[in-house]
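Engineer: Sequences listed follow chains A and B, in order.
With numbering that gives the first Met the number 0 as the guide, the letters of the first sequence map in order to residues 0 to 314.
With numbering that gives the first Met the number 0 as the guide, the letters of the second sequence map in order to residues 0 to 89.
Below are the structure tokens for one structure; questions will follow.
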Amino acid sequence: MRFDSILDSVGGTPLVGLPHLSPSPSTRLWAKLEDRNPTGSVKDRVALAMIAAAEKEGRLAKGATILEPTSGNTGISLAMIAQLRGYRLICVMPENTSAERTQLLQMFGASIIYSPAAGGSNEAVRVARKLAGENPDWVLLYQYGNEANARVHYESTGPELLADLPEITHFVAGLGTTGTLMGTGRFLREHVAGVQIVAAEPRYGELVYGLRNMDEGFVPELYDDSVLTSRFSVSAADALRRTRELVHEEGIFAGISAGCVVHAGIALAERARALGERAEIALLIADGGWKYLSTGAFAGTLAEAEARIEGELWA
Amino acid sequence: MAIEVRIPTILRTYTGGAKSVQASGDTIAGLIADLDSQHTGLGERLVDGAGLRRFVNVYLNDEDVRFLGGLDARVKDGDTVTVLPAVAGG
Chain A
0 MRFDSILDSV GGTPLVGLPH LSPSPSTRLW AKLEDRNPTG SVKDRVALAM IAAAEKEGRL
60 AKGATILEPT SGNTGISLAM IAQLRGYRLI CVMPENTSAE RTQLLQMFGA SIIYSPAAGG
120 SNEAVRVARK LAGENPDWVL LYQYGNEANA RVHYESTGPE LLADLPEITH FVAGLGTTGT
180 LMGTGRFLRE HVAGVQIVAA EPRYGELVYG LRNMDEGFVP ELYDDSVLTS RFSVSAADAL
240 RRTRELVHEE GIFAGISAGC VVHAGIALAE RARALGERAE IALLIADGGW KYLSTGAFAG
300 TLAEAEARIE GELWA
Chain B
0 MAIEVRIPTI LRTYTGGAKS VQASGDTIAG LIADLDSQHT GLGERLVDGA GLRRFVNVYL
60 NDEDVRFLGG LDARVKDGDT VTVLPAVAGG
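Right, dumping it as structure tokens:
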């Protein structure tokens, strides 16, 4: 495969079978490997689409400053592209994220403003909104409410999955900005009768949920629950266990959120097998394991790893 | 009387600091009514006139009850219900 530049190579990721984790030949799991994007995550699709849309709308000109709340991957993708296009990038990132994220952001030339650990990404959103209000010339792309985020999945991730797995029965992805599930989900629902669109949501340690009032929670503006058919909450212990199973059973070194998605996918596959139904389940693997090495997620026993990531934003 | 309900940190003022409590009911609505009778005020932090509050997520055995019938979702002995505030990712 030949491309004119690295940005032209975004998307078009492989879909690989998981023969060892699939319960039976008629209830199969497939992994869409989004770590095969230029900066190693699904967010390259989103960052490129949001920047292209803002350029088209005339919101971005050379030398502009982009501001974005991010737990890491979106920031890293934006940083790479911003550097190539001549934009300055400021990321607001929770302080309880892995060291690799800071290193990668800085390597690509981004500045980082840390938001408090307690409250996780909700706090990063709050801080970014405040900064955007104080600096009206900065461009807040705002992945949680940016239509280009969901649209790029409608236009690329969805069609790629349908082409590679026309018999798809389920699509499972992590729930962060909700963009992946909204865009891919809408496309698949339009083209595959009865397809199930399933969210796998990380269940963090208590610190991440913060101590603010329940009414100060956060639901991304992109979220439309009518696109989903179910939504699972996956504990750190289950996500870590499945992340390791991906390594040991299938040879796939993925990030911890992938474990979350695999856990939900296996539950769906087992349910289908018990009912005697066919299942072809596509799992979106958002990133590789590299950025999580320093968290200790892959070292020692599962209990040790779980203790180490308590309080971290691991997805 | 054997449904475990996990309570998030910010609502533990209602449960005397307990991380999880026991309650009973046939549906999520019944369970919340029972919770409120044991821990006065907790119910209205979870539901309003329109159903579950916007930033409250309730999971029945790790599955979001909004996709299982909402407040009408059936619960039974041995189930685990987890209450969490909505958070962002990305």
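All residues carry an ideal CB built from backbone N, CA and C; glycine is no exception.
Please read all numbers here as calculations on a predicted model, not as lab measurements.
With 7 angstroms as the threshold, decide whether the Cβ of Val86(B) is near any Cβ in chain A.
Structural biologist: On the second sequence, residue 86(B) is found 87 positions in, with the first residue counted as 1. Yes, Val86(B) lies at the interface with chain A (some Cβ there is under 7 angstroms from its Cβ).
Engineer: Along the region 201-220 of chain A, where does the CB come closer than 8 angstroms to a CB of chain B? Name the residues.
Structural biologist: Flagged, chain order: Pro201, Arg202, Tyr203, Glu205, Val207, Tyr208, Gly209, Leu210, Arg211, Asn212, Met213, Asp214, Glu215, Gly216, Phe217, Val218 and Pro219.
Engineer: In whole angstroms, what is the alpha-carbon distance linking Ser76(A) and Gly184(A)?
Structural biologist: Translated into the one-based positions of the first sequence, residue 76(A) becomes position 77. Translated into the one-based positions of the first sequence, residue 184(A) becomes position 185. Roughly 23 angstroms between the two C-alpha positions.
Engineer: Between Gly10(A) and chain B, is the shortest Cβ-Cβ distance under 7 angstroms, so that the two count as touching?
Structural biologist: Taking the first sequence and counting its residues from 1, one reaches residue 10(A) at position 11. No - not a single Cβ of chain B is within 7 angstroms of the one on Gly10(A).
Engineer: From the DSSP output, read off the bridge partner residues of Ser84(B).
Structural biologist: The count along the second sequence starts at 1 and reaches residue 84(B) at position 85. Checking the sequence, you will find Pro at residue 84(B) rather than Ser. Per DSSP, Val55(B).
Engineer: Apart from the five residues just before and just after His190(A), which ones in its own chain have a Cβ nearer than 7 angstroms to its Cβ?
Structural biologist: For the purposes of this step, residue 190(A) is taken as the residue at position 191 of the first sequence. Cβ neighbours of His190(A) beyond the five flanking positions: Leu161.
Engineer: Counting contacts by CB-CB distance shorter than 7 angstroms, is Thr8(B) in contact with chain A?
Structural biologist: As a first step, residue 8(B) must be located in the second sequence, where it is residue number 9. It does; some Cβ of chain A falls within 7 angstroms.
Engineer: May I ask which residues mark the beginning and end of the beta strand (DSSP E) holding Glu200(A)?
Structural biologist: Reading the first sequence from its first residue, position 201 is the one you call residue 200(A). Residues Gln195 to Arg202.
Engineer: If we count the other Cβ atoms within 10 Å of its Cβ and call it buried at 16 or more, is Ala127(A) buried or exposed?
Structural biologist: Your numbering for residue 127(A) matches position 128 in the first sequence. The residue is buried, with at least 16 neighbouring Cβ atoms inside 10 Å.
Engineer: If you measure from the beta carbon of Asp61(B) to each beta carbon in chain A, is any gap under 7 angstroms?
Structural biologist: By one-based count along the second sequence, residue 61(B) stands at place 62. Interface residue, yes.
Engineer: Cβ closer than 7 angstroms: which chain A residues qualify as neighbours of Leu41(B)?
Structural biologist: As a working mapping, residue 41(B) is identified with position 42 in the second sequence. In chain order: nothing, as chain A lies at least about 11 angstroms away.
Engineer: If we require 4 or more residues per run, which alpha helix (DSSP H) segments fall completely within the region 131-163 of chain A?
Structural biologist: Taking only runs of at least 4 residues, the alpha helix (DSSP H) segments lying wholly in the region 131-163 of chain A are 146-151 and 157-163.
Engineer: Are Val260(A) and Ala199(A) close, meaning C-beta to C-beta below 7 angstroms?
Structural biologist: As a first step, residue 260(A) is located in the first sequence; it is residue number 261 there, counting from the start. As a first step, residue 199(A) is located in the first sequence; it is residue number 200 there, counting from the start. Contact: yes.
Engineer: Which whole-angstrom value is the C-beta distance of Ser97(A) and Lys290(A), which I expect to be below 8 angstroms?
Structural biologist: To locate residue 97(A), count along the first sequence from 1; it is residue 98. To locate residue 290(A), count along the first sequence from 1; it is residue 291. Rounded, the Cβ-Cβ distance is 6 angstroms, consistent with contact.
Engineer: Whole angstroms is fine: what's the gap from Gln82(A)'s alpha carbon to Phe107(A)'s?
Structural biologist: One-based indexing of the first sequence puts residue 82(A) at position 83. One-based indexing of the first sequence puts residue 107(A) at position 108. C-alpha separation (whole angstroms): 7 angstroms.
Engineer: Determine, using beta carbons only, whether Leu88(A) and Ala60(A) come nearer to each other than 7 angstroms.
Structural biologist: Within the first sequence, numbered from 1, the residue matching residue 88(A) stands at position 89. Within the first sequence, numbered from 1, the residue matching residue 60(A) stands at position 61. Going by C-beta atoms, Leu88(A) is not nearer than 7 angstroms to Ala60(A).
Engineer: Shortest alpha-carbon distance to Phe186(A) belongs to which of Val207(A), Tyr208(A), Leu174(A) and Glu159(A)?
Structural biologist: On the first sequence, residue 186(A) is found 187 positions in, with the first residue counted as 1. It is Glu159(A) whose Cα lies nearest to the Cα of Phe186(A).
Engineer: Under a three-way DSSP split, which group does Arg272(A) fall into?
Structural biologist: Along the first sequence, one-based indexing puts residue 272(A) at 273. Helix.
Engineer: Could you check where the alpha helix (DSSP H) with Ile27(B) kicks off and where it finishes?
Structural biologist: Mapped onto the second sequence, residue 27(B) falls at position 28. Ile27(B) -> alpha helix (DSSP H) spans Ile27 to Gln37.
Engineer: List the residues of chain A whose Cβ lies closer than 7 angstroms to the Cβ of Tyr58(B), in chain order.
Structural biologist: Here residue 58(B) is taken as the residue at index 59 of the second sequence, counted from 1. Those within 7 angstroms of Tyr58(B) in chain A are Ser232.
Engineer: With distance defined between alpha-carbon atoms, name the residue in Ser40(A), Leu239(A) and Ala78(A) nearest to Gly287(A).
Structural biologist: If you number the first sequence from 1, residue 287(A) lands on position 288. Nearest of Ser40(A), Leu239(A) and Ala78(A) to Gly287(A), Cα basis: Ser40(A).
Engineer: Return the chain-ordered list of same chain residues with a C-beta closer than 8 angstroms to the C-beta of Arg202(A), the five sequence neighbours on each side being excluded.
Structural biologist: For the purposes of this step, residue 202(A) is taken as residue 203 along the first sequence, with counting starting at 1. Only Ser232, Val233, Ser234 and Ala235 meet the Cβ criterion.
Engineer: Work out the CA separation of Lys129(A) and Trp137(A) for me, nearest whole Å.
Structural biologist: Within the first sequence, residue 137(A) is the residue found at index 138, counting from 1. Within the first sequence, residue 129(A) is the residue found at index 130, counting from 1. Answer to the nearest angstrom: the Cα atoms are 12 angstroms apart.
Engineer: In its own chain, which residues sit with a C-beta less than 6 angstroms from the C-beta of Ile251(A), not counting the 5 before and 5 after it?
Structural biologist: Along the first sequence, one-based indexing puts residue 251(A) at 252. Leu245.
Engineer: If the cut is a Cβ gap below 8 angstroms, which residues of chain A does Leu83(B) touch?
Structural biologist: Looking up residue 83(B) in the second sequence gives position 84. Under the 8 angstroms cutoff, chain A gives Arg202, Tyr208 and Ser232.
Engineer: Along the chain, where does the alpha helix (DSSP H) that runs through Leu104(A) open and close?
Structural biologist: Along the first sequence, one-based indexing puts residue 104(A) at 105. From DSSP, the alpha helix (DSSP H) with Leu104(A) extends over Ala98 to Met106.
Engineer: Determine the extent of the alpha helix (DSSP H) in which Met181(A) is found, giving its start and end residues.
Structural biologist: In the first sequence, residue 181(A) corresponds to position 182, counting from 1. Looking at the DSSP string, the run of the alpha helix (DSSP H) that includes Met181(A) is Gly178 to His190.
Engineer: How about Gly62(A): is its C-beta nearer than 7 angstroms to some C-beta of chain B?
Structural biologist: Numbered from its first residue, the first sequence carries residue 62(A) at position 63. No, because no Cβ of chain B sits closer than 7 angstroms to the Cβ of Gly62(A).
Engineer: Output, in chain order, the set of chain A residues within a Cβ distance shorter than 9 angstroms of Arg53(B).
Structural biologist: For the purposes of this step, residue 53(B) is identified with residue 54 of the second sequence, where counting begins at 1. Within chain A, the residues near Arg53(B) are Asp214, Gly216 and Val218.
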